[in-house]
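Protein chains in written order, with this note's numbering: chain A, 4 to 161; chain B, 228 to 393.
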Amino acid sequence: MSDDLDRRLIVATQAGLPLVPRPYHALAEQLGVTAGEVMARMNAMLERGTIRRIGAVPNHYAIGYTANGMSVWDVPDERIDELGARIGALDFVTHAYHRPRALPDWPYNLFAMVHGGSREEVLTKVGLIRELLGADCRASDVLFSTKILKKTGLRIAG
Amino acid sequence: MRERPPAAELDAVDRRIVDALQGGFPVCERPYAAAAESLGIAEEELLARLQSLLDRKVLTRFGPMFQIERMGGAFVLAALAVPEADWARVNDAVNAFPEVAHNYRRESDLNTPFNMWFVLATETREGIAEAVRKIEAATGLVVHPFPKLKEYFVEMKLAVRGEALS
Numbered sequence: 004m005s006d007d008l009d010r011r012l013i014v015a016t017q018a019g020l021p022l023v024p025r026p027y028h029a030l031a032e033q034l035g036v037t038a039g040e041v042m043a044r045m046n047a048m049l050e051r052g053t054i055r056r057i058g059a060v061p062n063h064y065a066i067g068y069t070a071n072g073m074s075v076w077d078v079p080d081e082r083i084d085e086l087g088a089r090i091g092a093l094d095f096v097t098h099a100y101h102r103p104r105a106l107p108d109w110p111y112n113l114f115a116m117v118h119g120g121s122r123e124e125v126l127t128k129v130g131l132i133r134e135l136l137g138a139d140c141r142a143s144d145v146l147f148s149t150k151i152l153k154k155t156g157l158r159i160a161g
Numbered sequence: 228m229r230e231r232p233p234a235a236e237l238d239a240v241d242r243r244i245v246d247a248l249q250g251g252f253p254v255c256e257r258p259y260a261a262a263a264e265s266l267g268i269a270e271e272e273l274l275a276r277l278q279s280l281l282d283r284k285v286l287t288r289f290g291p292m293f294q295i296e297r298m299g300g301a302f303v304l305a306a307l308a309v310p311e312a313d314w315a316r317v318n319d320a321v322n323a324f325p326e327v328a329h330n331y332r333r334e335s336d337l338n339t340p341f342n343m344w345f346v347l348a349t350e351t352r353e354g355i356a357e358a359v360r361k362i363e364a365a366t367g368l369v370v371h372p373f374p375k376l377k378e379y380f381v382e383m384k385l386a387v388r389g390e391a392l393s
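Next up, the structure:
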């Protein structure tokens with residue numbers, strides 16, 4: 004669990020880093036601490052993995068990835084870690100997860116996100132995943148996003 | 228229903244910024260100056276271009292990406308099967324929750340009933356069950372959570388596609 008200053012830093016930066024020449028100094032002033040303290044906390048959170056990375060979060064559509072397909076697969080539970088690792092290593096897969104099934108409506112336990120410039124390109128890549136899975140694929144589907152309804156990211160109360 | 232913004236018009240410098248700054252932004256006194264130097268542009272140009280990329284919604288955010296699990300919180304993917312006639316009401320109700328970090332409409336070739344997919348982000352693990360309960364109460368629909376049991380390693384960055392504007 005993070006302490007209070009970490010939490011206040013998260014609240015202050017979750018919508019973005021200040022776009023001023025000395026952003027960590029601006030945060031320090033806002034939070035009533037020194038810039039050295041802010042930078043030390045940011046570095047510590049990066050080291051612990053509380054901050055995954057600092058940088059730009061692109062809108063996939065705006066940078067040309069106009070098709071995004073969530074491919075979902077029903078594979079044997081005892082094989083999933085080996086298969087998941089191989090699918091995660093494919094360069095066109097941006098996320099890969101083992102998730103629980105929701106039977107009877109949802110038999111799929113392996114999720115792999117595929118981005119591309121068109122549905123056809125995504126489907127071609129999904130075909131490569133299907134080939135890789137071979138007989139371990141018992142059922143599959145691809146869900147294309149047709150609209151971003153919300154994309155704000157994490158928002159904890161200030 | 229397909230509704231998408233067109234790909235944005237980006238010049239070569241914008242593309243370099245988006246490609247190079249998806250991670251590794253420094254923690255130092257003048258981080259924009261340091262990042263600008265490695266891109267071969269001036270600090271004030273980088274600040275102005277980042278503001279423009281945000282204004283044009285090419286970037287949804289510029290800053291730290293938190294892994295809330297490391298602070299005792301949770302991110303959980305969840306789905307709803309929303310009847311078409313009730314779409315607008317359910318969409319407004321779901322998006323009104325601050326715990327809903329992202330929400331996408333999805334359609335599948337096999338016509339899966341799960342057509343609304345959102346990510347819940349809460350400060351505590353217990354917060355997920357509470358958010359699910361509140362969304363079920365607000366929508367009258369059953370929320371299907373799909374917590375990750377395991378994440379497989381992937382390379383996170385997406386390069387800008389296509390040709391730069393000259």
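All C-beta atoms, glycine included, are put in the ideal place defined by N, C-alpha and C. Quick caveat, the model's predicted, so the values are computed rather than measured.
Assigned exposure category for residue i - 16 Cβ within 10 Å defines buried
| i | result |
| --- | --- |
| Lys-128 (chain A) | buried |
| Leu-248 (chain B) | buried |
| Asn-330 (chain B) | buried |
| Leu-304 (chain B) | buried |
| Ala-262 (chain B) | buried |
| Leu-337 (chain B) | exposed |
| Gly-72 (chain A) | buried |
| Pro-79 (chain A) | exposed |
| Ser-143 (chain A) | buried |
| Ala-160 (chain A) | exposed |
| Ser-74 (chain A) | buried |
| Gly-267 (chain B) | exposed |
| Glu-326 (chain B) | buried |
| Ala-306 (chain B) | buried |
Residue i at chain A interface by Cβ criterion, 9 Å
| i | result |
| --- | --- |
| Ala-308 (chain B) | yes |
| Asp-336 (chain B) | yes |
| Lys-377 (chain B) | yes |
| Gly-195 (chain B) | Nothing can be reported for residue 195 (chain B), as the shown portion of chain B is limited to 228 through 393. |
| Ala-356 (chain B) | no |
| Ser-393 (chain B) | Caution applies to Ser-393 (chain B), whose pLDDT of 45 falls short of 50 and renders its modelled position unreliable; the value that the coordinates give is listed next. Not an interface residue. |
| Lys-284 (chain B) | yes |
| Val-240 (chain B) | no |
| Val-245 (chain B) | yes |
| Ile-268 (chain B) | no |
| Pro-295 (chain B) | Correcting the residue identity first, residue 295 (chain B) is Ile in this sequence and not Pro. Yes, Ile-295 (chain B) lies at the interface with chain A (some Cβ there is under 9 Å from its Cβ). |
| Glu-311 (chain B) | no |
Integer-rounded CB distance, given that residue j should sit under 8 Å from residue i
| i | j | result |
| --- | --- | --- |
| Pro-26 (chain A) | Leu-34 (chain A) | About 12 Å separates the two Cβ atoms, so there is no contact after all. |
| Val-359 (chain B) | Pro-340 (chain B) | Between Pro-340 (chain B) and Val-359 (chain B) the Cβ distance is about 18 Å, and since that is not below 8 Å, they are no contact. |
| Leu-152 (chain A) | Asn-322 (chain B) | 6 Å |
| Arg-332 (chain B) | Lys-150 (chain A) | 4 Å |
| Ala-59 (chain A) | Leu-286 (chain B) | 5 Å |
| Ile-83 (chain A) | Leu-113 (chain A) | 6 Å |
| Gly-137 (chain A) | Arg-288 (chain B) | So it is not a contact: roughly 39 Å between Cβ atoms. |
| Ser-148 (chain A) | Thr-69 (chain A) | About 10 Å; that fails the 8 Å criterion. |
| Ala-320 (chain B) | Thr-366 (chain B) | 5 Å |
| Phe-324 (chain B) | Ile-362 (chain B) | 6 Å |
| Val-387 (chain B) | Gly-67 (chain A) | 6 Å |
| Leu-135 (chain A) | Arg-89 (chain A) | 6 Å |
C-beta neighbour in chain B for residue i, strict 9 Å
| i | result |
| --- | --- |
| Gln-17 (chain A) | yes |
| Pro-61 (chain A) | yes |
| Arg-141 (chain A) | no |
| Pro-79 (chain A) | no |
| Val-23 (chain A) | yes |
| Arg-1 (chain A) | Any answer about residue 1 (chain A) is impossible in this case: the structure gives chain A only from 4 up to 161. |
| Leu-146 (chain A) | yes |
| Lys-128 (chain A) | no |
| Trp-76 (chain A) | no |
| Ile-151 (chain A) | yes |
| Thr-37 (chain A) | no |
| Met-51 (chain A) | Here residue 51 (chain A) turns out to be Arg, not Met, going by the sequence shown. Yes, contact with chain B. |
| Leu-20 (chain A) | yes |
| Pro-107 (chain A) | no |
| Arg-102 (chain A) | yes |
| Ala-138 (chain A) | no |
| Ala-29 (chain A) | no |
| Arg-10 (chain A) | yes |
| Ile-132 (chain A) | no |
| Leu-157 (chain A) | yes |
| Asp-84 (chain A) | yes |
Contact test: residue i Cβ vs the ligand ZN heavy atom, cutoff 8 Å
| i | result |
| --- | --- |
| Thr-127 (chain A) | Among the components modelled here there is no ligand, and therefore nothing to report on the ligand ZN. |
Entirely within the region 50-121 of chain A and at least 4 residues each: give me those alpha helix (DSSP H) ranges in chain order. If we require 4 residues or more, the alpha helix (DSSP H) runs fully inside the region 50-121 of chain A come out as 83-91.
Can you find at least 3 beta carbon pairs, one from the region 252-266 of chain B and one from the region 114-129 of chain A, that sit closer than 8 Å? no
Three or more C-beta pairs under 8 Å: does that hold for the region 339-352 of chain B against the region 300-311 of chain B? yes
Between the region 282-297 of chain B and the region 48-59 of chain A, can you find at least three pairs of beta-carbon atoms closer than 8 Å? yes
Are the region 107-114 of chain A and the region 34-50 of chain A touching by the rule of at least three beta carbon pairs closer than 8 Å? no
Decide yes or no for the touch test of the region 94-104 of chain A against the region 373-380 of chain B: beta carbon pairs closer than 8 Å, at least 3 of them. yes
Report yes or no: do the region 309-317 of chain B and the region 263-271 of chain B share at least 3 C-beta pairs separated by less than 8 Å? no
Those runs of the beta strand (DSSP E) which lie wholly inside the region 258-326 of chain B and span at least 3 residues: Considered as a whole, the region 258-326 of chain B harbours 286-293 and 301-307 as its complete beta strand (DSSP E) runs of no fewer than 3 residues, in chain order.
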